[in-house]
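Asks: For the sequence shown, UniProt numbering assigns the number 1 to the initial residue and increments by one for each residue that follows. Beta carbons are placed, not taken as given, at the ideal position from N, Cα and C, and that holds for glycine. Quick one: the structure is below, and I'll ask about it shortly.
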Amino acid sequence: MREEVVVREFEPEKDGERVEALERTCEVGPSGEMSLFTDLLGDPLSRVRRSPAFLMLVAETTGTRRDIVGVVRGCIKTAAVGKKPHRSPSGAKHHTPVYTKLAYLLGLRVSPAHRRMGIGLNLVQRMEDWFRSKGAEYAYMATERDNEASVRLFTGRCGYTMFRSPAILVNPVFAHHLPLQRGHRRRPAIAVVRLSPADAEAFYRLRLATTEFFPRDIDAVLHNPLSLGTFLAVPASHPVAGAAGWSGADSFLADSPESWAVLSVWNCKDVFRLEVRGAGWWQRGLAQVSRAVDRALPFLRLPSFPDIFRPFGLYLLYGIGGAGTEAAEMVRVLCRHAHNMAREGGCGVVAAEVAAEEPLRQGIPHWRRLSCAEDLWCVKRLAEDYSDGAVGDWTRAPPGKSIFVDPREF
């Protein structure tokens, strides 16, 4: 006899331990294979609670045991989905962002013993009802392209469309400090300038606001304690890097150097930890030996394998942008700066998520074996009408070269 299941809102004090138990059950990998485990550090809401609006639903059996057999999380923000031409009072032409209320669905889990019972579909539909009640026009979700069950559920039964295929680029944090630039005599020196949250907000709104998925509340993102800073790379000879210092985003962009780059760093280590389980003894041993040599002989700058077989944290690089022929090299300098921050912060890896055609991708160091070359984002239109006719049906929009990854949703 099939158990009856009800879907309700998550209650932290009542459900916390049972949700953690469910998550552990769902993350048990195939025997003999390595699997990635996520530890939410005792806070099941940690990946959504920093969004403007969020909800977590659980599916619970109605029998005497009242087991939690499913869970899903969702959050809502206002984000850019396109751009439209605009003429300023002076007659200059530029583009302004087209914003919409955008929902993100994540963390769908169903107990292995209760699958193929429609619980996952029920959780998704109930979350979509909440999205609509809050005025969201679109919902999107992310999964691995080879996760056939997830892709089949969302594109087959829930009406989602395959939308974007970003790449998650992951680089290990070595035991040694990285120099910001490698020795190239012909290449001019590059300086790294830290921007205040207010200056970073102004800069991003002027330069990246029309990028797909750019959050309208970027100020809240940059002022969050988990945002560890925004950094600008410029030629060392530029006034911004000298005594003149930063004089504002408008001033910089009006007279910017030929090449520059920018990125921000987000502390995911205090939100969740990751761990690879199922590795053989030789894989663990190789990682330990490589890091021991790196620590003992740092001047050799050997690329050591990170200790990912114990819980480790990561720093996320977001808000990546730049211009000019040397922009990719400047991004590389910023990534090295972020690596050194992560080393000081005790992280195992540094990660970035970028669009498939991101022009600055070549400047982001990463190990192929640690990265996901093709993630999958699917989208669904929830509303009957559109908030802005300049975009039309966003689900049909061609991909841009860049996306703005909201670190609150990573």
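Among T38, I76 and T64, which residue has its Cα nearest to the Cα of R50?
Replies: Your numbering for residue 50 matches position 50 in the sequence shown. Ranking T38, I76 and T64 by Cα distance to R50 puts I76 first.
Asks: So is N171 in contact with chain B if we call contact Cβ pairs under 9 Å?
Replies: Checking the listed chains, one finds no chain B in this structure; it contains a single protein chain.
Asks: Helix, strand or coil for C26 per DSSP?
Replies: Counted from its first residue, the sequence shown places residue 26 at position 26. In the structure shown, C26 sits in a helix (DSSP, three-state: H, G or I).
Asks: Does DSSP put E117 in a helix, a strand or coil?
Replies: Stepping through the sequence shown from its first residue, residue 117 is reached at position 117. Here residue 117 turns out to be Met, not Glu, going by the sequence shown. DSSP places M117 in coil when its eight states are reduced to three.
Asks: On the three-state DSSP scale, how would you describe V173?
Replies: What you label residue 173 is simply residue 173 of the sequence shown in a count that begins at 1. Residue state, collapsed to three classes: coil.
Asks: Within a Cβ cutoff of 6 Å, which residues of the same chain sit near M162, ignoring the five residues on either side of it in sequence?
Replies: Locating residue 162 in the sequence shown gives position 162, where the first residue counts as 1. Result list for M162: C378, in chain order.
Asks: Do you know how far the Cα of N147 is from the Cα of I403?
Replies: On the sequence shown, residue 403 is found 403 positions in, with the first residue counted as 1. On the sequence shown, residue 147 is found 147 positions in, with the first residue counted as 1. Whole-angstrom Cα-Cα distance: 23 Å.
Asks: On the three-state DSSP scale, how would you describe E13?
Replies: Taking the first residue of the sequence shown as 1, we reach residue 13 at position 13. E13 falls in the helix class under three-state DSSP.
Asks: Can you tell me which of the three DSSP states V7 falls into?
Replies: Stepping through the sequence shown from its first residue, residue 7 is reached at position 7. Strand.
Asks: Buried or exposed: R273, going by 16 or more other Cβ atoms within 10 Å of its Cβ?
Replies: Sequence index remark: in the sequence shown, residue 273 carries index 273 (1-based). Buried: at least 16 other Cβ atoms inside 10 Å.
Asks: If we count Cβ pairs, one from each stretch, closer than 8 Å, do we get three or more for the region 210 to 227 versus the region 72 to 90?
Replies: At 8 Å Cβ cutoff, the stretches touch.
Asks: Check the DSSP bridge columns for L316 and list the partner residues they point to.
Replies: Position 316 of the sequence shown holds residue 316. Beta-bridge pairing links L316 to W266 and A351.
Asks: Compare the C-alpha of V69 against each of T100, D39 and R24 and name the closest.
Replies: Position 69 of the sequence shown, counted from the first residue, corresponds to residue 69. The candidate whose alpha carbon is nearest that of V69 is R24.
Asks: So V7 and R126 are in contact, right, with Cβ under 8 Å, and what is the actual spacing, rounded?
Replies: Here residue 7 refers to the residue found at position 7 when the sequence shown is read from its first residue. Here residue 126 refers to the residue found at position 126 when the sequence shown is read from its first residue. Sure, about 5 Å apart at Cβ, within 8 Å.
Asks: Taking the beta carbon of G321 as the centre, do at least 16 other beta carbons fall within 10 Å, making it buried, or is it exposed?
Replies: Here residue 321 refers to the residue found at position 321 when the sequence shown is read from its first residue. G321 should be labelled buried.
Asks: By how many angstroms is the C-alpha of F252 removed from the C-alpha of W246?
Replies: Counted from its first residue, the sequence shown places residue 246 at position 246. Counted from its first residue, the sequence shown places residue 252 at position 252. Roughly 8 Å between the two C-alpha positions.
Asks: Who are the Cβ neighbours of H95 in its own chain at under 8 Å, not counting the five residues just before and after it?
Replies: The count along the sequence shown starts at 1 and reaches residue 95 at position 95. K83, K84, P85, H86 and T210, listed in sequence order.
Asks: Starting from the N-terminal side, write out each stretch of the beta strand (DSSP E) that is 3 residues or longer and does not extend beyond the region 99 to 173.
Replies: Runs found: 138 to 144, 161 to 164 and 167 to 172.
Asks: Alpha carbon to alpha carbon, how far is R182 from Y104?
Replies: Mapped onto the sequence shown, residue 182 falls at position 182. Mapped onto the sequence shown, residue 104 falls at position 104. When rounded, the distance between both Cα atoms is 40 Å.
Asks: For the beta strand (DSSP E) containing H86, list its first residue and its last residue.
Replies: For this step, residue 86 is matched to residue 86 along the sequence shown. Run containing H86: I68 to R87, per the beta strand (DSSP E) assignment.
Asks: In or out: T230 buried (at least 16 other Cβ within 10 Å) or exposed?
Replies: Here the question's residue 230 lines up with position 230 in the sequence shown. By the 10 Å Cβ count, T230 comes out buried.
Asks: Output the distance between the C-alpha atoms of E4 and R343, rounded to the nearest integer angstrom.
Replies: The count along the sequence shown starts at 1 and reaches residue 4 at position 4. The count along the sequence shown starts at 1 and reaches residue 343 at position 343. Rounded to the nearest angstrom, the two C-alpha atoms are 49 Å apart.
Asks: So, G74 versus L106, is the Cβ gap smaller than 9 Å?
Replies: On the sequence shown, position 74 is the one that residue 74 refers to. On the sequence shown, position 106 is the one that residue 106 refers to. Yes, Cβ-Cβ distance for G74 and L106 is below 9 Å.
Asks: Could you tell me the alpha carbon to alpha carbon distance between D307 and V350, rounded to whole angstroms?
Replies: The sequence position of residue 307 within the sequence shown is 307, counting from 1. The sequence position of residue 350 within the sequence shown is 350, counting from 1. Roughly 13 Å between the two C-alpha positions.
Asks: In chain order, what residues of the same chain have a beta carbon less than 8 Å from the beta carbon of R66, not counting five sequence neighbours either side?
Replies: Position 66 of the sequence shown holds residue 66. Taken in chain order, the residues that qualify are E60.
Asks: Can you give me the start and stop residues for the beta strand (DSSP E) that I190 sits inside?
Replies: Within the sequence shown, the letter at position 190 stands for residue 190. Its beta strand (DSSP E) spans residues I190 to L195.
Asks: Taking only the alpha-carbon atoms, compute the straight-line gap between V265 and E329 and give it to the nearest angstrom.
Replies: Translated into the one-based positions of the sequence shown, residue 265 becomes position 265. Translated into the one-based positions of the sequence shown, residue 329 becomes position 329. One C-alpha to the other measures close to 18 Å.
Asks: Take L169 and list the residues in its own chain whose beta-carbon comes closer than 7 Å to its own, dropping the five residues that flank it on each side.
Replies: Start at 1 with the first residue of the sequence shown, and residue 169 comes out as number 169. The residues are A351, A352, V354, I364, H366 and S371.
Asks: Would you mind working out which of G156, T325 and L108 sits nearest A142, comparing C-alpha positions?
Replies: The residue given as residue 142 occupies position 142 in the sequence shown. Of G156, T325 and L108, the residue nearest in Cα terms is L108.
Asks: Please determine, among A338, A236 and I218, the residue with the shortest C-alpha to C-alpha distance to P407.
Replies: The residue you call residue 407 lines up with position 407 of the sequence shown. Answer by Cα proximity: I218.
Asks: Buried or exposed for D199, please, with buried defined as at least 16 other CB atoms from any protein chain shown within 10 angstroms of its CB.
Replies: As a working mapping, residue 199 is identified with position 199 in the sequence shown. D199 is buried by the Cβ-count criterion.
Asks: Would V271 and L41 qualify as a contact pair, given that the criterion is a beta-carbon distance under 9 Å?
Replies: Along the sequence shown, one-based indexing puts residue 271 at 271. Along the sequence shown, one-based indexing puts residue 41 at 41. Yes; because the gap between Cβ atoms is below 9 Å, this pair is in contact.
Asks: What is the DSSP secondary structure of H95, counted as helix, strand or coil?
Replies: Position 95 of the sequence shown, counted from the first residue, corresponds to residue 95. Here H95 sits in strand by DSSP.
Asks: Measure the alpha-carbon distance for E358 versus G400 and round it to whole angstroms.
Replies: Counted from its first residue, the sequence shown places residue 358 at position 358. Counted from its first residue, the sequence shown places residue 400 at position 400. One C-alpha to the other measures close to 9 Å.
Asks: Residues bridged to R381 by DSSP?
Replies: Translated into positions along the sequence shown, residue 381 becomes position 381. According to DSSP, R381 bridges with Y138.
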